[in-house]
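Data first, discussion second: the structure below is written as structure tokens.
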Amino acid sequence: MQTPVPDQTPRAAIQAKPTEEEEERIADSQAIDKASKHSPDRMKFTNVLPFCFVVVIITTLYAIYIKFHCLPLLEESGGNFERGRIDFVVVNVFSLMLVVCYTMCIVVHPGTVPNTPKWRLDEESFGHAEPGVKMHETKRTGERRYCKWCARYKPDRCHHCRVCKQCILRMDHHCPWIMNCVGFRNHKYFFLLVLYSGLDCSYVGITMFSSVQASIYDETPFLTMYMLVFGETLCTLMALLVIVFLSFHVWLMLRATTTIEFCEKATKETREVMSTRSIYDLGRYRNVLSVLGPYPLFWFAPICTPLGNGLSFSSSDSTPLLAGTSPQTDASGVRLRTATH
Ligand SMILES: [Zn+2]
Ligand SMILES: [Zn+2]
20 MQTPVPDQTP RAAIQAKPTE EEEERIADSQ AIDKASKHSP DRMKFTNVLP FCFVVVIITT
80 LYAIYIKFHC LPLLEESGGN FERGRIDFVV VNVFSLMLVV CYTMCIVVHP GTVPNTPKWR
140 LDEESFGHAE PGVKMHETKR TGERRYCKWC ARYKPDRCHH CRVCKQCILR MDHHCPWIMN
200 CVGFRNHKYF FLLVLYSGLD CSYVGITMFS SVQASIYDET PFLTMYMLVF GETLCTLMAL
260 LVIVFLSFHV WLMLRATTTI EFCEKATKET REVMSTRSIY DLGRYRNVLS VLGPYPLFWF
320 APICTPLGNG LSFSSSDSTP LLAGTSPQTD ASGVRLRTAT H
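To convert, take the position in the sequence shown, counting from 1, and add 19; that gives the numbering used here.
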């Protein structure tokens, strides 16, 4: 370090220090970008089938709602016309958000472990923690967790996905409906997808009910009545399922837990699973920031994803995986999950 020149203020000297960390973080992010490529097997027929199913359902419900509910209302006058106009606008906004989030979920890679010396598994580094790599999660023996299929060390909260054939950063779960894993980089899009699906299905189910009633009591062509009843049933069913799923994900987000971490806890501590806090729990507000991003104004928009690179996470505790459990139990759980995810 050179001796500061007289005109160099202490502030400038302080600012110079985090630049190296910042540079390292940028280099890590670029290495993640480079390594994060979708598996070529992704486009297999069995993987694409659930996606096609979702597209058919979304298109069918949208077409039924517009053709048999909105357009007839828009042909009327007065209050019905106004209602038709509002329904048309609201459903199009929700559907647009749904389609954008769905596309982002499919396109954006959840993030994988970078192929850099710090994370590469080789004989030299085997069994030793790399200096500067601070881990909350280790194996029972205290060694760094690693993936034998990817030949990489695993950062905290990272798991191997057998379908994607790679390690996924802060893996939540593999979702066949989006042909992708839900992980650090696309978690926000997935959460918003579930949210807008729930809002869209609920809005359609509630507002279309009057048209279904009218088609049953008034004289209506059979096809119109059939499509309305079919759409209403499908929509209500979807809304109920999605709302239950959304509630579960809101609960997980507020507790700073991923689906995998929840399942690991559930298999080991059935009774304590509801009360045990994750060590990544930093309080509800900060937990939401870590999924929906740093700006509350953009929480519900598919932009401004969370800060960080998915390789390290702030925690309220520095030793065990789960606060209130023994490190041995945690470590074995991590190892067990390594084999299954
Ligand atoms: Zn792996
Ligand atoms: Zn996957």
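Using N, Cα and C, we set each Cβ at its ideal position, and we do this for glycine too.
A quick note: this is a predicted structure, and the numbers were derived from the prediction, not measured.
Hey, Cys-200 and Pro-129: beta-carbon distance below 7 Å or not? yes
Can you find a heavy atom of ligand 1 that lies under 6 Å from the Cβ of His-57? Checking every heavy atom of ligand 1 against the Cβ of His-57, none is found closer than 6 Å.
Would you call Thr-131 buried or exposed, if buried means 16 or more other Cβ atoms sit within 10 Å of its Cβ? buried
Contact check, His-178 vs Val-213 under 8 Å by CB: the rounded distance? Rounded, the Cβ-Cβ distance is 20 Å, inconsistent with contact.
Does the stretch 186 to 196 touch the stretch 215 to 226, meaning 3 or more C-beta pairs lie closer than 8 Å? no
Between Cys-169 and ligand 2, is the CB less than 6 Å from at least one heavy atom? no
To the nearest angstrom, report how far apart Asn-66 and Val-119 are at their CA atoms. 20 Å
Between Thr-231 and Cys-254, how many whole angstroms is the CB-CB distance? I'm expecting something under 8 Å. Residue identity check: residue 231 is Val in the sequence provided, not Thr. Not confirmed; about 10 Å, so no contact.
Can you give me the C-alpha to C-alpha distance between Lys-184 and Cys-169, rounded to a whole angstrom? 8 Å
Are the CB atoms of Phe-203 and Gly-103 within a distance shorter than 7 Å? no
With burial defined as no fewer than 16 other Cβ atoms inside 10 Å of the residue's Cβ, what is the status of Pro-240: buried or exposed? Around the C-beta of Pro-240, fewer than 16 other C-beta atoms lie within 10 Å, and the residue is accordingly described as exposed.
Reference Phe-12, options Pro-59, Ser-48, Leu-80, closest by Cα: The shown model of the chain, from 20 to 360, leaves out residue 12, and the question about it has no answer.
Where the alpha helix (DSSP H) containing Cys-71 begins and where it ends: 64 to 84
Examine ligand 2 and report whether any of its heavy atoms sits within less than 6 Å of the Cβ of Val-110. no
beta-carbon Cys-177 near ligand 2 non-hydrogen atom, thresh 6 Å: no
Can you tell me whether DSSP reads His-179 as helix, strand or coil? strand
Where does Cys-194 fall in DSSP's three states? strand
CA-to-CA distance, Pro-59 to Leu-308, given in whole angstroms: Approximately 33 Å between the Cα atoms of the pair.
To the nearest angstrom, how far is it from the Cα of Arg-181 to the Cα of Arg-61? 12 Å
Taking the alpha-carbon of Lys-86 as reference, which of Arg-274, Thr-243, Ser-331, Cys-282 has the nearest alpha-carbon? Of the candidates Arg-274, Thr-243, Ser-331, Cys-282, the one whose C-alpha sits nearest the C-alpha of Lys-86 is Thr-243.
Which of the three DSSP states is assigned to Thr-157 in this structure? strand
Report the rounded CA-to-CA distance for Ser-333 versus Trp-196, giving the unit in angstroms. 31 Å
According to the neighbour-count rule (16 or more other Cβ atoms, all chains shown, within 10 Å of its Cβ), is Ser-114 buried or exposed? buried
In angstroms with no decimal places, state the Cα-to-Cα distance between Phe-100 and Glu-94. 7 Å
Would Leu-247 and Ser-229 qualify as a contact pair, given that the criterion is a beta-carbon distance under 7 Å? In terms of Cβ geometry, Leu-247 and Ser-229 do not form a close pair [threshold 7 Å].
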